[in-house]
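S.K.:
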Amino acid sequence: MAEPQDLPNTGPDAAAAQARQFISFRVGDDEFAIDIMAVREIKGWTETTVLPNQQDYMLGVLNLRGTIVPIFDLRCRFGLGLTTATRSHVVIIVAIGGRLLGLLVDAVSDILTVNAADIRPVPDVDQPIDNAFLAGIIPVGDSMVVLLSLENLFANHGPANAAIAA
Amino acid sequence: MSTPSFGSDELAQFRRTFFEECTELLADLEERLGALAAYSSDVEGLNAIFRAVHSVKAGAGAFGYTVLVGFAHRFEALLDRLRDGKAELDERTLAALVAAADVFSALVDLARQGETPADDFGADVAEELSALLKGETQTTAPIRPTASAPEAPPVDRSYRIVFRPNAELFRHANEPLYLIRELKALGTLTIDCDLARLPAFEAFNVDDAYLGWTMTLRADCSPAAIAEVFEFVDDECELIIEEIADAQAEPEVVAPPPAAEAEATNSPSESKSSETKPADAKTAGKTGSISSIRVDLYRVDRLVNMVGELVIAQAMLAQQFIETRKQDDPGALQGFEHLAGLTRELQECVMAIRMQPVKSVFSRMPRLVRDVGHKTGKDVRLEMSGEQTEVDKTVIEELADPLTHMIRNAVDHGIEDADTRLAAGKPAGGVIRLSAQHAGSNILIHVEDDGAGLDRDRLLAKAIDKGIVPASAKLSAEEIDELIFSPGFSTAAAVTDVSGRGVGMDVVRRNVQALGGRVQVVSTPGKGTRFTLVIPLTLAVLDGMVVAVGWEKYILPLTSIVESFRPGRGQIRVVPGGGEVVSIRGEFVRLIHLARVFGVSEAVSDPCQGLVVLIELANGSKLGVVVDELIGQQQVVIKSLQDNYDPVPGISGATILGNGRVALIVDIEELTRLHDRSARAVDTTRLPIAANA
Amino acid sequence: MPRKILTVDDSRTMRDMVSYTLKGAGFEVLEAEDGVKALGVLANTRVDLIITDINMPNMDGVTLVKRVRAGGNHASTPILILTTESGDDRKASGKAAGATGWIVKPFAPEKLLSVVNKVCPA
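Pasting the structure below:
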């Protein structure tokens, strides 16, 4: 469990262009990753205040040191059903386009340092998750981690062309 | 001694100050100008306008905004003649002043944006100013010779300088000794002191100058440079500066001024250094010069937010304490109460920092009334009161649009033309009253005209025509008046140049509601119309009632709550279509279940098991909100949901409760629309009920 | 002890500029926004020089000069009036009221300091 400032910074420009860091986490049996630059905080799940009449993946809002932050159930966003959140679940707070939001995931796995060149495009295969949510595939050993596109995941909850720090 | 030039940072800072100041000066100018009337002799007003123009001009000069300076110069010249009574403030002049103020303000804006105005910018107005200044050679000011005198000749020249101060020289605190020193700095100086005018001791007046000097200066400077030394005294002395051909310098005998002279010159001011004690200086600095300070708004906002956090943290701490200690420690409990009191007081103090008089918005209105009156050919007078009423700065900024619109409407549609007024037995000129006052934690703003009142027949016909109400609807007079707030409703018979830009009173109501406020209208046919805005003093805190619905807690704005009660079985009626009403004191009030519109499960569904919170909406109608129970009232710190999320219908914001959880603040006005939306198919009860009421 | 100067101007911009220039040259600067406030400052503090604008609300610069010259602690304290080019007659009235000298607005910082040093040298 790490705050972004504890993490090694992406070094000088030339190197940063090549090596990028991602946080990987687990939702169900799958591993996903997001750019570490977008991550503001990682915290344990606490009860949210439900907002009326929202999509079911919108779990409500949390008080994050005085800021009201909306929390989204990633599993549900993928169309895989609601997570029954417990204290062992984790919320990753990310910044997208100037807004803060929380992603409910099962557990945080690792920090990956990946060469940009090693990120593969998403193969066009049938799978349950909307392809638009996926930004690429990161091979890790003989397994793989799916890189998520935060912009597309929450395209309808924020500035349309919001770009995460990448 | 160092001689700093302004660096770019300082200049940028001065420029910021300048434009901030311009904004204030222009607002004041607007206000004063708005209060001017033709043929009046409001010298104080003219003085104030002159000062505003003058101040802007001085600053503009410092930053090299030459076009602005040039225009200000003419503007100022006309104002100067007016205040000196050399020109008359007739209609034409007044119009010119108003036009000049526009150009002036536009020039300031251009300067602010770093743009250079076109050469002919405001030329017509400038010409009109010049024409009003008549033939007087008032055009461009002579440029003073600058400090750098004409080219200094390369070789030393010799000058004879005779300097005989008049007796009163000291009375202006001019000091011959300094002048002589200054001359000495130019070159080699020989001094002869002339004691001839020194009186007998008993006739000696220490305040008078008696001595004179004849000096020879050998220096590589021009006569002008020498004259400049005497710049401030040349009309208080006999002064001769002449170049002498003989270039050979006399032996240098720089005589210190004779003792008597030193005494004479120094005596009035010698106590200068000895009397000033550091302690004096300190206290004086405190009491004398500074009564207010300027603080970046960002810092104040942060302070407000931090204190908001403090209030929440304090509440959380107190709650945890009470829960864990079960109140068995009265001392500590008392301590918590004290802390709570202090915290709230601190919050009030901090909120007060952002409070500002509504004057800054009100002051734009006289001008508006005159402009619109002019365009519509109506004679309308604006009376304002309560301009000093204070409200949070964030609220003030949001007031300008609604007020502008309502005032414009009042002139355009409210006030009748002169003939109609006369025919109705009214004075030809109409009056609009704009007033502000505090009412609890709200500010009340009235916009009242003495016009014809709302034309209800036309309003209703139009509403039916637009399908806003069914043709068969029977509406009360108040309900018809309310129609002007309906979306897309234009009240003018013909869309006019002035008001008909598609912005209706619905926008005003929306703006006001966005501020957590309400707008009401009361109209009396033939007598006039009065709009009332009720707006919270601040957007930062809200007096709320915490209510429980299922597992959720919501905040209802306390200002809208009339009462709460548990209805008896017989008070509840189900109207055709499924809607529920509660009968209270003979009035039928529509019920809305918060649990149903917000989709909360495990909530009380029978109003007779829960509570009905009776709410008065902005339009004066009532609504019963069904909740499980009341938790209690408290002042809450308003947090925006929309910083990080989209608007949620029915929710105006959020706050953080003592337990650290987020609670949502209910937007009660929106609630009725929510309910309408979800139940439109069946809920046709609204109008019949209203008609019953 | 640094020389102490009171600058009187209703324009914050002008006060800031005068004050910044003088402070940079080692002066201690007090500020007042009109003649009345200036008299308040002068009642409590001994200053070595007064620099005042002419056009101000409540009490203008010429009246201030007259009041200061009328007697009291600062009757013989140098007073500079800040004036614009167009204000020749006002400059004269300032002078007639008892001002020591004047500074033309807008001013270069160097010019301000040279005039200040002229009437109030160290």
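Protein chains in written order, with numbering that gives the first Met the number 0: chain D, 0 to 165; chain L, 0 to 692; chain R, 0 to 121.
Every residue, glycine too, gets a C-beta built ideally from N, C-alpha and C.
No experiment lies behind these values; they were computed from the predicted model shown.
Could you give the residue range of the alpha helix (DSSP H) that holds L:Ser104?
M.R.: Per DSSP, L:Ser104 belongs to the alpha helix (DSSP H) from 90-111.
S.K.: Going by Cα to Cα distance, which pick from D:Cys75, D:Asn52, D:Pro138 is closest to D:Leu152?
M.R.: Selected option, being the one with the closest Cα: D:Cys75.
S.K.: Excluding sequence positions up to five away, which residues of its chain have a Cβ less than 8 Å from the Cβ of L:His53?
M.R.: These residues qualify, in order along the chain: Ala71, Glu75.
S.K.: For chain L, is any of its Cβ atoms less than 7 Å away from the one on D:Leu50?
M.R.: True, the Cβ-Cβ gap to chain L drops below 7 Å.
S.K.: Using a Cβ-Cβ cut-off of less than 8 Å, list which residues of the stretch 616-647 of chain L approach chain D; keep chain order.
M.R.: From the stretch 616-647 of chain L, only Lys638, Ser639, Leu640, Asp642, Asn643, Tyr644, Asp645, Val647 have a Cβ closer than 8 Å to chain D.
S.K.: For R:Val67, which three-state DSSP category applies?
M.R.: Looking at R:Val67 - three-state DSSP - the assignment turns out to be helix.
S.K.: With 16 as the cutoff for other CB atoms within 10 Å, does D:Glu46 come out buried or exposed?
M.R.: Its Cβ having fewer than 16 others within 10 Å, D:Glu46 is exposed.
S.K.: Could you give the C-beta distance for L:Ala427 and L:Ala417, rounded to a whole number, given that I count them as a contact under 8 Å?
M.R.: That pair is a contact at about 4 Å.
S.K.: Are any of the Cβ atoms in chain L nearer than 7 Å to that of R:Ser10?
M.R.: R:Ser10 counts as touching chain L.
S.K.: If we cut at 7 Å on Cβ distances, does D:Asn62 have a partner in chain L?
M.R.: Interface residue, yes.
S.K.: Could you confirm whether any beta carbon from chain R is found closer than 7 Å to the beta carbon of L:Glu274?
M.R.: Note that L:Glu274 scores 41 on pLDDT, short of 50, meaning its location in the model is unreliable; the coordinates nonetheless yield the value given after this. It does: the Cβ of L:Glu274 has a partner Cβ on chain R nearer than 7 Å.
S.K.: What span of residues does the alpha helix (DSSP H) with R:Met16 cover, start to end?
M.R.: Start and end: 11-23.
S.K.: When the cut-off is 7 Å and only beta carbons count, does D:Ile67 lie next to chain L?
M.R.: At least one chain L Cβ lies under 7 Å of D:Ile67.
S.K.: If you follow the beta strand (DSSP E) that R:Glu27 is part of, which residue opens it and which one closes it?
M.R.: 27-31 is the extent of the beta strand (DSSP E) around R:Glu27.
S.K.: Residues of chain L with CB under 9 Å from R:Asp33, in chain order?
M.R.: Going along chain L, no residue has its Cβ under 9 Å from R:Asp33, so there is no contact; the nearest lies around 10 Å.
S.K.: Which residues in chain R have a C-beta closer than 8 Å to the C-beta of L:Gly60? List them in chain order.
M.R.: Those within 8 Å of L:Gly60 in chain R are Thr83, Lys104, Pro105.
S.K.: Give me whichever residues DSSP pairs with D:Lys42 in a beta bridge.
M.R.: In the DSSP output, where bridge partners are listed per residue, D:Lys42 has D:Val90.
S.K.: Name, please, each residue of chain R whose Cβ falls closer than 8 Å to the Cβ of L:Lys56.
M.R.: Those within 8 Å of L:Lys56 in chain R are Thr83.
S.K.: Hey, out of L:Met305, L:Gly60, L:Asp370, whose CA is closest to D:Thr66's CA?
M.R.: Of the listed residues, the one whose Cα sits closest to D:Thr66 is L:Met305.
S.K.: Please work out which residues of its chain come closer than 6 Å, Cβ to Cβ, to L:Tyr553, disregarding the five sequence neighbours upstream and downstream, and give them in chain order.
M.R.: Within the same chain, L:Tyr553 has close Cβ partners Val546, Leu663, Val665.
S.K.: Alpha carbon to alpha carbon, what distance is there between L:Val394 and L:Leu93?
M.R.: Looking at the two C-alpha atoms, the distance is approximately 33 Å.
S.K.: What residues from chain D crowd round L:Arg660, counting only those whose CB sits closer than 8 Å?
M.R.: What L:Arg660 touches in chain D: Glu46, Thr48, Asn62.
S.K.: If we cut at 7 Å on Cβ distances, does D:Leu73 have a partner in chain L?
M.R.: So, not an interface residue.
S.K.: Whose CA, out of D:Val68, D:Val104, D:Gln53, D:Leu149, lies closest to the CA of D:Arg192?
M.R.: Outside the displayed span of chain D (0 to 165) sits residue 192 of chain D, for which this structure offers no information.
S.K.: What does the alpha-carbon distance come out to for the pair L:Leu714 and L:Ser157?
M.R.: The question about residue 714 of chain L has no answer, for chain L in this structure spans 0 to 692.
S.K.: So is the beta-carbon of L:Asn441 under 6 Å away from any non-hydrogen atom of the ligand GTP?
M.R.: The model depicted lacks the ligand GTP and carries no ligand whatsoever.
S.K.: Using the beta-carbon of each residue, which ones in chain L are nearer than 8 Å to D:Arg98?
M.R.: Going along chain L in sequence order, the residues near D:Arg98 (Cβ under 8 Å) are Asp642, Asn643, Tyr644.
S.K.: Pair every Cβ in the stretch 453-460 of chain L with every Cβ in the stretch 373-386 of chain L, then say whether three or more of these pairs are closer than 8 Å.
M.R.: Judged by Cβ distances under 8 Å, the stretch 453-460 of chain L makes no contact with the stretch 373-386 of chain L, as fewer than three pairs qualify.
S.K.: Identify whether D:Leu146 lies in helix, strand or coil by the three-state DSSP scheme.
M.R.: D:Leu146 falls in the strand class under three-state DSSP.
S.K.: Between the alpha carbons of L:Lys85 and L:Lys133, how many angstroms are there, rounded?
M.R.: Straight-line Cα distance between these residues: approximately 11 Å.
S.K.: Going by Cα to Cα distance, which pick from L:Cys607, L:Asp542, L:Phe162 is closest to L:Pro566?
M.R.: It is L:Cys607 whose Cα lies nearest to the Cα of L:Pro566.
S.K.: Rounded to the nearest angstrom, what separates L:Ala422 and L:Gly376 at their Cα positions?
M.R.: C-alpha separation (whole angstroms): 17 Å.
S.K.: Using 8 Å for Cβ pairs, my map puts R:Leu29 next to R:Thr51. What's the rounded Cβ distance?
M.R.: At roughly 12 Å, the Cβ-Cβ gap does not stay under 8 Å, so R:Leu29 and R:Thr51 are not in contact.
S.K.: With a threshold of 7 Å between beta-carbons, can L:Tyr158 be considered close to chain R, or not?
M.R.: Output row for L:Tyr158: interface = no.
S.K.: So with Cβ pairs under 7 Å, would you call R:Thr76 a contact of chain L?
M.R.: At least one chain L Cβ lies under 7 Å of R:Thr76.
S.K.: Below 7 Å between beta carbons is the criterion; list the residues of the stretch 20-34 of chain L that meet it against any residue of chain R, in chain order.
M.R.: Going along the stretch 20-34 of chain L in chain order, one finds Glu20 with a Cβ nearer than 7 Å to chain R.
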